[in-house]
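Participant: Residue numbers (the numbering used here): -7 to 350.
#1: Please say whether residue 78 and residue 69 have beta carbons closer to each other than 8 Å?
#2: Would DSSP call residue 169 helix, strand or coil?
#3: By a C-beta neighbour count over all protein chains shown, 10 Å radius and 16 as the cutoff for buried, is residue 312 buried or exposed?
#4: Quick check on residue 245: does DSSP put it in helix, strand or coil?
#5: Excluding the 5 residues flanking residue 202 on each side, which residues of the same chain have their C-beta closer than 7 Å to its C-beta?
#6: By the DSSP assignment, the beta strand (DSSP E) with residue 110 in it spans what residues?
#7: Using a Cβ distance threshold of 8 Å, determine whether the region 261 to 277 contacts the region 237 to 249, with at least three qualifying pairs required.
#8: Put residue 13 into one of helix, strand or coil per three-state DSSP.
#9: Under 8 Å between the Cβ atoms of residue 400 and residue 211?
#10: In chain order, what residues of the same chain lie with their CB nearer than 6 Å to the CB of residue 76, ignoring the 5 residues before and after it?
#11: Below 8 Å, how does it come out for the region 123 to 140 and the region 44 to 53: are there three or more Cβ pairs, yes or no?
#12: For the region 79 to 150, list the beta strand (DSSP E) runs that are entirely contained and at least 3 residues long, ordered along the chain.
#13: Between residue 260 and residue 252, what straight-line distance do the alpha-carbon atoms span, to the nearest angstrom?
#14: Residue 347 to residue 270, Cα distance in whole Å?
#15: Got a sec, what are the start and stop residues for the beta strand (DSSP E) residue 48 sits in?
#16: For residue 138 and residue 22, which I take to be in contact (beta-carbon distance under 8 Å), what is that distance rounded to the nearest angstrom?
#17: How is the alpha helix (DSSP H) around residue 421 delimited, first residue to last?
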């Protein structure tokens, strides 16, 4: 009976790993190491394999749905940055004891993925357990001093963006731009998924909107609009780190966008710097009086501070600039809920429904 219970628990744990969504865990200061084995069974110490500037360690398995995608992504990064100080190390956590059959399967996957970076097996899952890995795949990023700077559990489009942004910052590639060529036209299917995402966003179905926007990004890396929408969804869900990643990517494509600038100031306000954020938003509005998003954020911050009359004036100003901008009614409704103004909550909800029908 005890064995049956243990088996059931192990099975449920594995299922939870394979279905995990990408999440950013708070990084620890250092990684805990254990001896690993390479594909020939030889014991190796991965400390001897670290990159000059950045080391990315991937915990993966052949049974994990997203591990193959993570390995492919890491191979792309490795080929791009290996001469600039990046090392990638893959650690397979296939099972407690890896037999000859498991090893053959692992080697086959690595060959099919054409992996050229360091690969190892965590026989006994010692390193996996010592570092409290909660999902497969997981990527841990170390800086030059071997401190953990990111711990990314699971995989999604945002995972790729977060890692890419980290590499840009840490390997001194900030000058790299992704701006459009003069003849750029977005991929048709990317536009279709973006429009679907936008519709779901207006309905406040953020999970659906996020998935469609991620599909659009996956189809066209230069299509900026889904990045902007992902930024706003992250702001709405108070995922400030994710929002920052999307904003950084969007600004590389469209560095002149004042909307991204407004989003960065809104994040500042939600990190305890409300006065500074208001001043920056006010300056932005003075420079760009038709920046609807800056006006909305400014109005919302005022409302949160209890300055309701001023807040409503700015929401009205935003409505004059663009009456079809749904975020006006979404954010104003929040303030009206805060003040218990049921009549205006109802009006803003009605306005949102009308916009969805258009």
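Ideal Cβ placement from N, Cα and C applies to all residues, glycine included.
Facilitator: Working from what's here:
#1: Judged by their CB atoms, residue 69 and residue 78 are nearer to each other than the 8 Å cut-off.
#2: Low confidence applies here, because residue 169 scores a pLDDT of 49, under 50, leaving its location unreliable; read the following figure in that light. In the structure shown, residue 169 sits in coil (DSSP, three-state: anything other than H, G, I, E or B).
#3: By the beta-carbon neighbour count (other beta carbons within 10 angstroms, threshold 16), residue 312 is exposed.
#4: helix
#5: 222, 225
#6: Run containing residue 110: 110 to 113, per the beta strand (DSSP E) assignment.
#7: no
#8: Note that residue 13 scores 43 on pLDDT, short of 50, meaning its location in the model is unreliable and no value can be drawn from it.
#9: Since the first residue of the chain shown is -7 and the last is 350, residue 400 is not available in this structure.
#10: 163
#11: yes
#12: 110 to 113, 130 to 134, 140 to 145
#13: Roughly 13 Å separates the two Cα atoms.
#14: Each residue's Cα considered, the two are about 29 Å apart.
#15: Under the DSSP assignment, residue 48 falls in the beta strand (DSSP E) whose first and last residues are 46 to 52.
#16: 7 Å
#17: Nothing about residue 421 can be reported from this structure: the residues present for the chain run from -7 to 350 only.
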